[in-house]
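**Student:**
In the working numbering, the protein residues as written are 58 to 473.
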């Protein structure tokens, strides 16, 4: 890139308004300072070398921390643009094409074009061209193909940019698909469970109910909160994770909320209700002791509270018991006038879910079907009679016949 082209790029970058936070990033700031020095009449070579050394260090660390080993600079700029929560990206995440002002769309497109030009700058080449300095490039640290990447900066027109944000979101929601509520804030999960429905044998009808309900939710049609209840190890949690992996590219996100954080439920909902993406609040392995009252907050949120659940939020919960509040013999003792009312209140939580999907432990035939499927998938070299005999013995020694037991048995064979 010639000095004249660099000067033109520097002038264009000065006019960025919508993506201003990208320009203030510490790594980008170093790059801009290098460009400004290179287009100046008298180049401070010592300062350029110092800044380039810092920039090289920043991008090398970024590559290692994010497992990005090709197109490192382009990946960095594109990531900053993707996660930037600005007036355009927030509107694009939430509203359809025709509702966003054309002037705003074109301004955003123009700024992204300049950011793309910035991402294409080969700084090592610029130093060779302007200073005759043979600088090492961060792009040649390792030879590793990462396949085709999807870049926001590669969008051809403004409508494609709006579509990108609508499907992928911005900010933290454009980086992660799964989240946790941790210490009062939403935190992204770096390595979510990659389970897919093709990994789950059996329970096709149960899976279909969850899939269809989620599909309706994503299409803006009426959808229900779901309680997945049944025996342990039957794949209830895996079903919820699999539906996320099926639909996250359509704007679905999942936030896991622990039982002790139910007091923050309204706060969580308030935060995500303003977003354009759709969220499942995932309450896993839900049950309450007799003296716990958090279930009342959940009941109110599901149905009966003064504030309705936002249209972009659903609650999916799993539990090993149909009625999630433990009952004791004292609940049946007529020790208070309204004991029946008290008992009914405890039993009514499950009724607040629009759909209840029951997962029952498989019989012997279904259990062996799961075992054989997994054995074939992982290339277990055992004759069928031995496989069946050992899998039944395993189930009797461990937790009975269930999909989880079958998987644990196969995992054991894989390590032998």
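In this text, a Cβ means the ideal position worked out from N, Cα and C, and glycines have one as well.
If you're wondering where the values come from, they're calculated on a predicted model, not measured in any experiment.
Are the region 273-285 and the region 313-330 in contact at 8 Å, needing three or more beta carbon pairs?
**Tutor:** They do not touch, by the three-pair rule.
**Student:** Sort 262, 267, 234 by Cα distance to residue 251 and report the nearest one.
**Tutor:** Nearest C-alpha to residue 251: 234.
**Student:** Could you compute how far the alpha carbon of residue 285 sits from the alpha carbon of residue 80?
**Tutor:** Spanning the two alpha carbons is a distance of roughly 46 Å.
**Student:** Quick check on this structure: which residue in 69, 151, 119, 413 has the alpha carbon closest to the alpha carbon of residue 262?
**Tutor:** Looking at the Cα atoms, 413 is the closest of the given residues.
**Student:** In this structure, what does DSSP give as the bridge partners for residue 313?
**Tutor:** In the DSSP output, where bridge partners are listed per residue, residue 313 has 237, 339.
**Student:** Can you find the residues in the same chain that come closer than 7 Å, C-beta to C-beta, to residue 307, ignoring five residues on each side of it along the sequence?
**Tutor:** So the qualifying residues of the chain are 224, 275.
**Student:** Under DSSP, the alpha helix (DSSP H) around residue 242 begins and ends at which residues?
**Tutor:** Note, residue 242: premise wrong, no alpha helix (DSSP H); beta strand (DSSP E) at 242-245.
**Student:** For residue 460 and residue 293, what's the separation of their Cα atoms in angstroms?
**Tutor:** Straight-line Cα distance between these residues: approximately 10 Å.
**Student:** Quick one: what's residue 374 bridged to in DSSP?
**Tutor:** Answer is 284, 340.
**Student:** DSSP three-state call for residue 412: helix, strand or coil?
**Tutor:** Residue 412 falls in the strand class under three-state DSSP.
**Student:** What residue does the alpha helix (DSSP H) around residue 65 start on, and which one ends it?
**Tutor:** Here the alpha helix (DSSP H) through residue 65 covers 60-71.
**Student:** Report the residue from 135, 216, 119, 331 whose alpha carbon sits nearest the alpha carbon of residue 156.
**Tutor:** Out of 135, 216, 119, 331, 216 has the C-alpha closest to the C-alpha of residue 156.
**Student:** Given this structure, state the Cα-to-Cα distance separating residue 355 from residue 115, to the nearest angstrom.
**Tutor:** Distance between the alpha carbons of residue 355 and residue 115 is about 45 Å.
**Student:** Pop quiz: residue 376 and residue 343 are said to be a contact at Cβ under 8 Å. What is the actual Cβ separation, rounded to whole angstroms?
**Tutor:** Right, their Cβ atoms sit about 5 Å apart.
**Student:** How would you write the range of the alpha helix (DSSP H) that residue 103 sits in, first residue to last?
**Tutor:** Note, residue 103: alpha helix (DSSP H), 102-123.
**Student:** Could you check whether the Cβ of residue 129 sits closer than 7 Å to any heavy atom belonging to the ligand MN?
**Tutor:** What this structure holds is no ligand at all, so the ligand MN is not there to describe.
**Student:** With a threshold of 8 Å, are at least 3 pairs of Cβ atoms found where one atom belongs to the region 97-106 and the other to the region 163-177?
**Tutor:** Contact fails: fewer than three Cβ-Cβ distances are below 8 Å.
**Student:** Nearest to residue 320 by CA position, among 340, 311, 336, is which residue?
**Tutor:** Residue 320 has its Cα closest to that of 340, out of 340, 311, 336.
**Student:** Cβ of residue 112 within 8 Å of Cβ of residue 71?
**Tutor:** No, they are not a contact pair.
**Student:** Report yes if the CB atom of residue 76 is closer than 8 Å to the CB atom of residue 120, and no otherwise.
**Tutor:** Against a cut-off of 8 Å, the Cβ pair of residue 120 and residue 76 comes out as no contact.
**Student:** Where are the alpha helix (DSSP H) runs, 4 residues long or more, that stay fully inside the region 141-194, in chain order?
**Tutor:** Counting only runs of 4 or more, we get 144-151, 159-176, 180-188.
**Student:** Between the Cα of residue 167 and the Cα atoms of 214, 193, 187, which residue gives the shortest distance?
**Tutor:** Ranking the options by Cα distance to residue 167, first place goes to 214.
**Student:** Would a C-beta distance cut-off of 8 Å place residue 334 and residue 226 closer than the cut-off?
**Tutor:** The answer is yes: Cβ separation under 8 Å.
**Student:** Going by DSSP in three states, residue 264 sits in which element: helix, strand or coil?
**Tutor:** Here residue 264 sits in helix by DSSP.
**Student:** Under 8 Å Cβ to Cβ from residue 141, same chain only, skipping five residues before and after it: list those, please.
**Tutor:** 76, 78, 79, 227, 228.
**Student:** Name the two residues that bound the continuous alpha helix (DSSP H) containing residue 366.
**Tutor:** Note, residue 366: premise wrong, no alpha helix (DSSP H); not H, not E.
**Student:** May I ask you to report which of helix, strand or coil DSSP gives residue 294?
**Tutor:** Of the three classes helix, strand and coil, the one that applies to residue 294 here is helix, per DSSP.
**Student:** Cα separation between residue 110 and residue 162?
**Tutor:** Going by the C-alpha atoms only, they are around 37 Å apart.
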